[in-house]
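Trainee: For the protein sequence lines, the chains are E and C, in the order given.
Counting in our numbering, the first sequence runs from 0 upward without gaps.
Counting in our numbering, the second sequence runs from 349 upward without gaps.
Here a beta-carbon is modelled for each residue, glycine too, at the ideal position from N, C-alpha and C.
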Amino acid sequence: MKFTEQHEWLREEGGLITVGITAHATEQLGDIVFIELPEAGTDVSKGDEIVVIESVKAASDILAPLDGKIVEINEALAETPALVNEDAMGAAWFFRMRPSDIAPMDDYMDEDAYKKMTG
Amino acid sequence: MTALAETPLTALHAQLGARMIPFAGYSMPVQYPMGVMGEHVHTRRAAGLFDIGHMGQVRLHGNGAAAALEALIPGDIAGLPAGRQRYGFFTNDAGGLLDDLMLANRGDHILMVTNAARKDADIAHMCAHMPAGVTVDPVTDRGLIALQGPCAETVLHRLNPAAKNMAFMDVTDMELLGQACWVSRSGYTGEDGYEISVPAAAAEPLARALLQFPEVAPVGLGARDSLRLEAGLCLYGHDIDAKTTPVEAGLAWAIGKVRRTNGTREGGFPGAGAILGQLVRGTRRRRVGLLPEGRAPMRAGVALFADDGAEQVGAITSGGFGPTVGRPVAMGYVPAALSVPGSTVYGALRGKRLPLTVATLPFRPANFKR
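Here it is as C-alpha cells:
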C-alpha cells in the first residue's frame, strides 16, 4: 500500500488502483457528512480535484493520484458518508482507477514514510 | 502574536482531551474526543456542558440604568421584572446591529451577557453613553458555564433543588457546591437548560461535579454552532452585523411594544427611524431558513440566485450539517419576494447551481421549560 501527502492510501490489485483516505485523515476531518465522487468512466489527470469531502467542520478535496480512468466508485458512500469515519482503510474506499502508467506509484510513500510524516 | 486569553476551565479542557482553537481572542475547545456530531446528539438527548466563560458578563448599577440602556437598545428593559431575563441588541444610527445579548433584571442592578468578540466594544459603547449615576462594571472574576439539554433540570436539581422551580428566562442567585452562583434558565441551543455564572476559582470544581453525572458530557464550540443553527439562532458576525437591521434579521419580536410606534416609550434608540419604518413597510431582504435539497452542506458565503441568471440575490450566512434533522441546513438572506417558505433559491457550489428550499425557523422545535 502507498500513501500520498494528501492522506490518500493507494492499493494496487491486478492493474487497478483502489483509493481511499487514511484513518489519520478522518481523525483530522471529524465526522464526515457528505462525499461527492467522480462518475465511473471519467478520465482524470494527476492533481485533478476529483472528490469532495464535507465534514461537520469544512470541505476538503481529494486529488487524482495518477493519470487514468475511474472504473468504479463506492456507491455506499453517497448514502452513508459516516462509513469513512468507521472504516477508512477498508469498506470506505472511494474509487478504483486504471492508471495509464503505473510506474509513478513508486514515487509515493510507503507506510513507514507516511507514519513518519504524520508522526 | 498576542497570547490567547484563557477561561477558568482551560486546564480542565486539556485534561478532557479537547482540541483547542483560537476564538474571539480566547483559546477555546472546539470539540472533545466524542466529536462534534456525538456532542450535538448528546446535548439533544441528555445534557451538554459548555464553557462560555469567554462571553462578556457586565453589570450596570445605578437607578437610571434601565432607562439609559433603552437609549441604546430597542427593547423593553424598564418593564423587565426583577428575576427575569430578556434577549436584546445594541443598534447603530442606521438601525444596524452592534451586538446581540441577554439582559437580566437582578433587582439592584442589570446583568448583561454579550458576545465574546464584542464585549470590549459593548463596554466602551455603554461607558460613552451612560449618564452620571450609572456605572458599567465588567465582571472579570467569574466563569460562565452552560448546562443544556433535556436532562439539565434533573442534573442541576441534584446540586440544588431550587433549579426545578425556575421557569424559562428566570434568573436567580443559587448556591451550588457552597458557591454563590447567578443562574438563568436559558441558553443558545434550542434546549432547556441553564447558564451558570460562578466565581472563577469555583468554576472547575463545579464543572467537574456536573461532568460526574452520567447524563453530562462536555461539548465544544463545534456542536454549539450546529445546535444554535438547528435552533434558528443568529451568530453575531455571521447572520447579523452592523449592516443588518433587526427587522431584516427576523428579530423584531425582541423590540418591545412600548418601544414601537405609538408605544408609551416609542423610539429613542439609535436607528429608531429606520427600524420603526421597516416594522411598518417591511424590508427588501429577510433572513430565512434554507434546506439544501441534496446532501451537500452549503456553508456561510455561498452566493444565492433566484434562477440561473447572473444576478446574485442573497447569500448564506450560516450553514452546515444538522445532526438532529439529519440533513444539511442553512440560514441566509433573500429578497422579501423569495422569503415565503417553500420558495426555491439556488446556491452556487463548486461551479454548480444547487436548489435550496426556503424553510421556517427553527429547523427543530425548541424544547424550553415555559
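Establish whether the CB of Glu74/E and some CB of chain C are separated by less than 8 Å.
Mentor: no
Trainee: Taking 8 Å as the cut-off, decide whether the C-beta atoms of Tyr536/C and Asp448/C are in contact.
Mentor: No, Cβ-Cβ distance for Tyr536/C and Asp448/C is not below 8 Å.
Trainee: Could you tell me the alpha carbon to alpha carbon distance between Ala494/C and Ala515/C, rounded to whole angstroms?
Mentor: 16 Å
Trainee: Go ahead and pull the three-state DSSP assignment for Arg718/C.
Mentor: coil
Trainee: Check whether the region 371–383 of chain C and the region 556–574 of chain C touch, using three or more Cβ-Cβ pairs below 8 Å as the test.
Mentor: yes
Trainee: Can you have a look at Cys499/C and say buried or exposed, based on whether 16 or more other CB atoms are within 10 angstroms of its CB?
Mentor: buried
Trainee: Which one of His23/E, Glu78/E, Ala77/E and Met104/E has the shortest CA to CA distance from Ala63/E?
Mentor: Met104/E
Trainee: Name the chain C residues that come within less than 7 Å of Gly40/E, Cβ to Cβ?
Mentor: What Gly40/E touches in chain C: nothing, since even the nearest Cβ is about 19 Å away.
Trainee: Please tell me whether Val519/C has its Cβ less than 8 Å away from any Cβ of chain E.
Mentor: Between Val519/C and chain E, the shortest Cβ-Cβ separation is not below 8 Å.
Trainee: What are the complete beta strand (DSSP E) segments, minimum 3 residues, inside the region 377–452 of chain C?
Mentor: 395–399, 404–409 and 433–439
Trainee: Compare the C-beta of Met385/C against all C-beta atoms of chain E and say whether one is closer than 8 Å.
Mentor: yes
Trainee: Looking only at DSSP bridge pairs, what is Ser532/C linked to?
Mentor: Val519/C and Glu543/C
Trainee: Excluding sequence positions up to five away, which residues of its chain have a Cβ less than 8 Å from the Cβ of Val503/C?
Mentor: Ala395, Leu495, Leu558, Phe561, Glu563 and Val564
Trainee: Have a look at Gly29/E, Val18/E and Thr25/E and flag the residue whose alpha-carbon is nearest the alpha-carbon of Pro37/E.
Mentor: The candidate whose alpha carbon is nearest that of Pro37/E is Val18/E.
Trainee: So, are the CB atoms of Val650/C and Ala663/C less than 8 Å apart?
Mentor: Yes, they are a contact pair.
Trainee: What does Phe669/C touch in chain E if you count any residue whose Cβ is under 9 Å from its own?
Mentor: Asp30, Val32, Phe33, Glu53, Ser54 and Val55
Trainee: Leaving out five residues on either side along the sequence, give the residues of the same chain with a beta carbon under 7 Å from the beta carbon of Ala555/C.
Mentor: Hits under 7 Å: Leu357, Leu360, Leu397 and Ile493.
Trainee: From the DSSP output, in three-state form, read off Ser574/C for me.
Mentor: helix
Trainee: Pull the bridge partners of Trp8/E from the DSSP assignment, please.
Mentor: Phe2/E and Gly19/E
Trainee: Can you tell me whether Arg490/C is helix, strand or coil according to DSSP?
Mentor: strand
Trainee: Run down chain E in chain order and give the residues with a C-beta less than 8 Å from the C-beta of Ala644/C.
Mentor: Neighbours of Ala644/C in chain E, taken as residues whose beta carbon is under 8 Å from its own, are Phe33, Glu35, Val51 and Glu53 in chain order.
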